[in-house]
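Quick note, the sequence shown lines up with residues 1473 to 1597 if you use our numbering. Glycine included, each C-beta is placed from N, C-alpha and C at the ideal position. Presented below is the structure to which this report refers.
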Amino acid sequence: MYNSQLPTDGSQTPQGVSMGSHTSNFTQRGERPGNERIRVLLKSFGLRTSLIRLKVIDALLVAAQSNRRLGVRGVHSQLLDLDVPLSFLSVREVLKRLCAEGVITFNADKSYSLHPQAAAVLNHE
């Protein structure tokens, strides 16, 4: 495929242009600085970090800060609003797994919230 920015004289790189990697200056798309503490939380519960787990827990934390409670549909809607294309079923399965592992709790009103032990881990960060 033709690239108009590359020279046509057969040389590999244009003069005066560094081809060094500058990706370390950028964070991954959608990553927030607070995600590191969620990673530590997941690790403390023996869970691997995945993007969907990060996003689901972050959505619950954001809702809790606003004194809101989210069910499966609420979490899914919030993720869609953030342009995180996850299926409803994927969100539901992640919520179930996080409940089974004790990271979050399923409340009587069918909403989810962070388990007190998980909140304690986050607050110690």
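Going by CA-CA distance only, name the one from the options that's closest to residue i.
i       : options                               : result
Tyr1584 : Ala1590, Val1512, Arg1511 and Leu1567 : Leu1567
Ala1591 : Ile1529, Leu1551 and Ser1522          : Ile1529
Pro1557 : Leu1523, Asn1595, Leu1594 and His1596 : Leu1523
For residue i, count neighbouring C-beta atoms within 10 Å of its own C-beta (all shown protein chains included) and say buried if the count is 16 or more, exposed if not.
i       : result
Asp1555 : exposed
Leu1552 : exposed
Gln1537 : exposed
His1548 : buried
Gln1550 : buried
Asn1595 : exposed
Enumerate in chain order the residues of its own chain whose CB-to-CB distance from residue i is below 7 angstroms, with the five nearest sequence positions on each side excluded.
i       : result
Glu1573 : Phe1517 and Leu1519
Leu1526 : Asn1507 and Ile1510
Thr1521 : Arg1511 and Leu1514
Ala1531 : Leu1542, Val1547, Gln1550 and Leu1551
Write down the C-beta distance between residue i and residue j rounded to the nearest angstrom, noting that I regard them as a contact closer than 8 angstroms.
i       : j       : result
Leu1533 : Leu1570 : The pair is not a contact, with the Cβ atoms about 12 angstroms apart (cut-off 8 angstroms).
Please go through the same chain and pick out, in chain order, the residues whose beta-carbon is closer than 8 angstroms to the beta-carbon of residue i, but skip the five residues on each side of it.
i       : result
Arg1545 : Phe1560
Ser1562 : Ile1524
Gln1589 : Gly1574
Which residues in the same chain as residue i place their Cβ atom closer than 6 angstroms to its Cβ, once the five residues preceding and following it in sequence are excluded?
i       : result
Ala1535 : Leu1542
Count Cβ pairs between the region 1533 to 1551 and the region 1562 to 1580 that sit closer than 8 angstroms; are there 3 or more? Contact between the region 1533 to 1551 and the region 1562 to 1580 is present, because at least three Cβ pairs lie under 8 angstroms.
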